[in-house]
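Take a look at the structure below.
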Amino acid sequence: MPRLTCRCGESFSLSLVPHPQGFKLLWEPSREKLIEDLIAPYSFTASDLEFEDKVYQLLYPKNPEFPQVYECPHCGRLAVFAKASDSKPALWFEREKIQGDLDDSLRSLVDEKPRDRDGTQIKFEP
Numbered sequence: 616m617p618r619l620t621c622r623c624g625e626s627f628s629l630s631l632v633p634h635p636q637g638f639k640l641l642w643e644p645s646r647e648k649l650i651e652d653l654i655a656p657y658s659f660t661a662s663d664l665e666f667e668d669k670v671y672q673l674l675y676p677k678n679p680e681f682p683q684v685y686e687c688p689h690c691g692r693l694a695v696f697a698k699a700s701d702s703k704p705a706l707w708f709e710r711e712k713i714q715g716d717l718d719d720s721l722r723s724l725v726d727e728k729p730r731d732r733d734g735t736q737i738k739f740e741p
């Protein structure tokens, strides 16, 4: 079971999929290609389910192309992996506190109730 130990000493499992502290880093110039790749299957798929499968394959490839980011649940530091399969982060980013800044995490900025492909809410175990 892979684990990541943050520079603050917090250790957490990376085994959960999708991971509640995980993010994919999408470079803005590559966003256009992703959009084109998402639109292309729509014109040649026979059903909505087949289209869904094609989109899922693009977003969750066997060899992920997007850098993987994990946020430490204790200090908010970000570990950036160049590839999801890497054993060590390529970069660490420590969150800077700004006067009047709320003590929120990166996750709290995007924290909707995540859902699986069937629309069922995904529950994460602490």
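In the working numbering, the protein residues as written are 616 to 741.
Each residue gets a CB set at the ideal place from its N, CA and C atoms; glycine is no exception.
According to DSSP, residues forming a beta bridge with residue i
i: G637; result: Y685
i: S628; result: R618
i: A655; result: Paired residues: none, contrary to the question.
Test item: CB-CB of residue i and residue j under 8 Å
i: C623; j: R692; result: yes
i: Q636; j: P682; result: no
i: A694; j: Y685; result: yes
i: P644; j: L629; result: no
i: L653; j: V632; result: no
CA-to-CA distance, residue j to residue i, given in whole angstroms
i: F696; j: P704; result: 4 Å
i: P656; j: L673; result: 10 Å
i: F708; j: W642; result: 17 Å
i: E651; j: F638; result: 22 Å
i: S720; j: H634; result: 15 Å
i: S723; j: L706; result: 22 Å
i: E647; j: S702; result: 29 Å
i: L664; j: L640; result: 27 Å
i: T735; j: C690; result: 30 Å
Same chain, Cβ closer than 7 Å to residue i, five either side skipped, listed in chain order
i: T620; result: S626
i: F666; result: P656, Y657, T660
Closer than 8 Å to chain D by CB, residue i
i: G624; result: Although the question refers to chain D, the structure presented lacks it and comprises just one protein chain.
Neighbourhood of residue i by C-beta distance below 6 Å, restricted to the same chain and skipping five residues each side
i: V725; result: none
Other residues of its chain near residue i: CB distance less than 8 Å, five sequence neighbours each side excluded
i: L649; result: L641, L673
Practice task
Determine contact between the stretch 650 to 665 and the stretch 676 to 687, defined as no fewer than three beta-carbon pairs at a distance below 8 Å.
Solution key: no
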